[in-house]
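Colleague:
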Amino acid sequence: MELDVCIKGRRSVRSYTDEPVSRETIEAVLEAGSWAPTAMSREPCRFIVIENKELIKFVSDETKVLVKPMFPSFARQFSSEADLICYNAPVLILVCAEKDQQRAGWNLVDSVLAAENMFLKACDLGLGTCYMGFVSFLNSKPDVLKKIGVPENYDMLVPFVLGHPKTKQGKGNRKKPNILNWIK
Ligand SMILES: Cc1cc2nc3c(=O)[nH]c(=O)nc-3n(C[C@H](O)[C@H](O)[C@H](O)COP(=O)(O)O)c2cc1C
Numbered sequence: 014m015e016l017d018v019c020i021k022g023r024r025s026v027r028s029y030t031d032e033p034v035s036r037e038t039i040e041a042v043l044e045a046g047s048w049a050p051t052a053m054s055r056e057p058c059r060f061i062v063i064e065n066k067e068l069i070k071f072v073s074d075e076t077k078v079l080v081k082p083m084f085p086s087f088a089r090q091f092s093s094e095a096d097l098i099c100y101n102a103p104v105l106i107l108v109c110a111e112k113d114q115q116r117a118g119w120n121l122v123d124s125v126l127a128a129e130n131m132f133l134k135a136c137d138l139g140l141g142t143c144y145m146g147f148v149s150f151l152n153s154k155p156d157v158l159k160k161i162g163v164p165e166n167y168d169m170l171v172p173f174v175l176g177h178p179k180t181k182q183g184k185g186n187r188k189k190p191n192i193l194n195w196i197k
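To get this note's numbering, take the position in the sequence shown, counting from 1, and add 13.
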């Protein structure tokens, strides 16, 4: 796919089919993530791939309970029986990095850059992704992190879901680049 078509055509997908994503496809997506730039070429990102449906539902349920009191305006989303957190996606990927107080900021930036590469690669392969910002709050629940395979000395920095979109995605809309200053 042409780069611009991918950049502008990628959407956050919130509805997935049950079709599993092949191992080769998941590996291709992870490889795209590993090509993102990293501070001081440290390549700190480590990936956890979860394809177990019960475990993904567990993540959604734990997230709902934790964040419901924090975001009253999302009460419907967090009270629904439907999975309005991980959207029944067949794959949940956690981009993690070893805990490091001094480089925590860089680790987050590196993980986000890796994630966008993966979102674009997935889009190029006809797959959908969605950043799971609410799931990040589970970093305050060590027992939950342990259950989903995050080692004690790692931070879960970018959780996102991956799968085959159920419907065709609509067009996005963005403001024009807002240039604050252009100095020559
Ligand atoms: C840091 C971050 C956290 C996000 N968290 C969520 C989330 O928890 N659930 C969700 O459905 N979308 C989440 N999104 C997706 C945004 O809502 C989405 O990117 C935005 O509405 C623009 O839509 P688009 O990605 O389709 O262009 C998140 C995006 C970012 C960058």
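C-beta atoms are modelled at their ideal positions from N, C-alpha and C, and glycine is treated no differently. Since we're looking at a predicted model, the values are computed, not measured.
State yes or no: is the C-beta of residue 185 nearer than 7 Å to some heavy atom of ligand 1?
Modeller: Within the cutoff, so yes.
Colleague: Rank 28, 174, 168 and 94 by C-alpha distance to the C-alpha of residue 117 and give the top, closest one.
Modeller: If we check each option's Cα against that of residue 117, 168 comes out closest.
Colleague: In this structure, does DSSP put residue 38 in helix, strand or coil?
Modeller: In this structure, residue 38 counts as helix in the three-state DSSP scheme.
Colleague: Using the three-state DSSP reduction, which class does residue 168 fall into: helix, strand or coil?
Modeller: Here residue 168 sits in strand by DSSP.
Colleague: Between which two residues does the beta strand (DSSP E) holding residue 19 run?
Modeller: Here residue 19 belongs to no beta strand (DSSP E); instead the alpha helix (DSSP H) covers 16-22.
Colleague: Could you spell out the range, first to last residue, of the alpha helix (DSSP H) harbouring residue 118?
Modeller: Residues 117-137.
Colleague: Take residue 143 as the anchor and find which of 119, 176, 193 and 43 has the nearest alpha-carbon.
Modeller: Of 119, 176, 193 and 43, the residue nearest in Cα terms is 176.
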